[in-house]
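J.: Quick note on numbering: the UniProt record's numbering labels position 187 of the sequence shown as 187, and the sequence is numbered without any gaps. By construction, the Cβ of each residue, glycine as well, lies at the ideal position given by its N, Cα and C atoms. No experiment lies behind these values; they were computed from the predicted model shown.
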Amino acid sequence: MKNSPPGSAGKSQSRQANAQTAAPAKPQARPSAATPPKPLAAPSAKAPVKAPLQAPLNASVKAPARSAAQNSTARPSPQPAASAKPAARATERSAAPNVALNGALALTSERVRERMVERLRANGVTDQRVLNAMSVVPRHMFVDPGLAAQAYEDAALPIGHHQTISKPSVVARMIELAAAGRALNNVLEIGTGCGYQAAVLSQVAREVYSIERIRPLSERAKTNLRPLRIPNIRLHYGDGRLGLPSAAPFDAIVIAAAGLDVPQALLEQLAIGGRLVAPVGSQEGQSQVLTLVERLGPAQWRESRLDRVFFVPLKSGVI
Ligand code: SAH
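In structure tokens form, the structure reads like this:
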């Protein structure tokens, strides 16, 4: 720790910089190495973790407004007064119709999500835990309702404050690289944004810490995550360049914004044997490269430069 390189990962001792763009560097990811991780609401320990997120999704999300609609689906409800009464007892009475309605929505997005996962698989994501995680996290709940129809396209979408939700393929790739088939205990994400990647991480790691420097986004992430009732995510508002010393060391660190280097504090908070994945480079000229840093020893890191990517900038301080 004390002899650690003063600068960034760029100064790492053994460096193995070969820029190979697309090849999803298959880690030793064996589906069999399945960690018995996640909580969420743990259905059956092993099988596709489908149920956990779904239940809360049906139960709470955008239900209440429609409680009057009882059984008749879309109709403007013949007796407008009907809305007044049941509303008073909303908690007990509105449950069934809302569940049905949201259940239908959930099924639709589930199918679209499955197609997204098939595309991820076709494009080289092999870690079954990551694929499962991508198939249970409802990405449409992390974007503006107006963009929900695009939620399962492989595109970054605006989330306000000049920031974006990362592309599904990039989220999957970063998590797969960070995990490398290992069971993950303690993971740190820098750049919570709307909270999507943290939700995906929560399905493959035991404990997820995520830091965001823009307060309204941190709040938004909290709001987005609440209905999913994910017990193993800790959100922090602050400058992620400083990491989270109190929760270190981390088996994996994922940085969701591009800096010119990897902050030294984060290198120090990586466990020995841990892996950090980050876009490194400037906005100009699309020169960012997804970079993997492995900590080999107390003062030894190895850096590999992988895919060309484009991320919003990693900034200092908080707003
Ligand atoms: N993880 C998100 C991606 C959000 S975009 C997802 O799930 O899609 C990257 C986020 O990093 C932005 O919200 C930005 O505000 C944040 N960010 C940039 N610099 C940061 C810093 N130093 N500390 C914490 N967050 C930072």
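Would you identify the three-state DSSP class for Glu189, choosing helix, strand or coil?
T.: The answer is strand: DSSP assigns Glu189 an E or B state.
J.: Under 7 angstroms Cβ to Cβ from Ser169, same chain only, skipping five residues before and after it: list those, please.
T.: Answer for Ser169: Leu120, Asn123 and Asp154, listed in chain order.
J.: Within 10 Å of its beta-carbon, does Gly297 have 16 or more other beta-carbons around it, so buried, or fewer, so exposed?
T.: Gly297 comes out exposed.
J.: Label His162 either buried or exposed according to how many other C-beta atoms from any shown protein chain fall within 10 Å of its C-beta, with 16 as the threshold for buried.
T.: Looking at its Cβ environment, which holds fewer than 16 other Cβ atoms inside 10 Å, His162 is exposed.
J.: Which ranges does the alpha helix (DSSP H) cover as unbroken runs of at least 4 residues, wholly within the stretch 188-272, from first to last along the chain?
T.: Fully enclosed alpha helix (DSSP H) runs of 4 or longer: 196-201, 215-225 and 264-268.
J.: For Ile211, which residues of its own chain have a beta-carbon under 6 angstroms away from its beta-carbon, when the five flanking residues on both sides are left out?
T.: The answer, listed in chain order, is Ile190, His236, Gly238 and Gly240.
J.: Under DSSP, the alpha helix (DSSP H) around Glu176 begins and ends at which residues?
T.: Its alpha helix (DSSP H) spans residues Pro168 to Ala179.
J.: Within its chain, find whatever has a CB closer than 7 angstroms to the CB of Phe310; leave out the 5 residues flanking it on each side and keep chain order.
T.: Only Gln286 and Gln288 meet the Cβ criterion.
J.: Could you compute how far the alpha carbon of Arg113 sits from the alpha carbon of Ala106?
T.: Taking the straight line joining both Cα atoms gives about 10 angstroms.
J.: Would the beta-carbon of Met174 fall within 9 angstroms of that of Ala256?
T.: Yes; because the gap between Cβ atoms is below 9 angstroms, this pair is in contact.
J.: Of the choices Gly146, Arg229, Ala172 and Val254, whose alpha-carbon is the least far from that of Leu188?
T.: Of Gly146, Arg229, Ala172 and Val254, the residue nearest in Cα terms is Val254.
J.: Report the rounded CA-to-CA distance for Asn232 versus Met116, giving the unit in angstroms.
T.: Going from the Cα of Asn232 to the Cα of Met116 covers about 25 angstroms.
J.: Following the continuous alpha helix (DSSP H) through Ser135, name the residue where it begins and the one where it ends.
T.: Its alpha helix (DSSP H) spans residues Gln128 to Val136.
J.: For a test of your reading of the model: does the CB of Thr192 fall under 8 angstroms from any non-hydrogen atom of the ligand SAH? Yes or no.
T.: Thr192 Cβ: within cutoff of the ligand SAH.
J.: What would DSSP say about Asp307, mapped onto helix, strand or coil?
T.: Three-state DSSP puts Asp307 in a strand.
J.: Between Asp127 and the ligand SAH, is the CB less than 8 angstroms from at least one heavy atom?
T.: Because no heavy atom of the ligand SAH lies under 8 angstroms away, the Cβ of Asp127 does not count as near it: no.
J.: Out of curiosity, what's the CA-to-CA distance linking Tyr152 and Ile272?
T.: Rounded to the nearest angstrom, the two C-alpha atoms are 36 angstroms apart.
J.: Starting from Gln163, follow the beta strand (DSSP E) in both directions and report where the run begins and ends.
T.: Segment Gln163 to Ile165, the beta strand (DSSP E) holding Gln163.
J.: Ignore the nearest five residues each way along the sequence and tell me which others in Glu207's own chain have a CB closer than 6 angstroms to its CB.
T.: Excluding positions up to five away in sequence, the list reads Asn186 and Asn232.
J.: Buried or exposed: which applies to Asp307, given that a residue is buried once 16 or more other Cβ atoms fall within 10 Å of its Cβ?
T.: Result: buried.
J.: Determine, using beta carbons only, whether Phe250 and Tyr196 come nearer to each other than 9 angstroms.
T.: No, Cβ-Cβ distance for Phe250 and Tyr196 is not below 9 angstroms.
J.: Within the 9 angstroms Cβ cut-off, does Gly193 reach chain D?
T.: No chain D is present in this structure, which holds just one protein chain.
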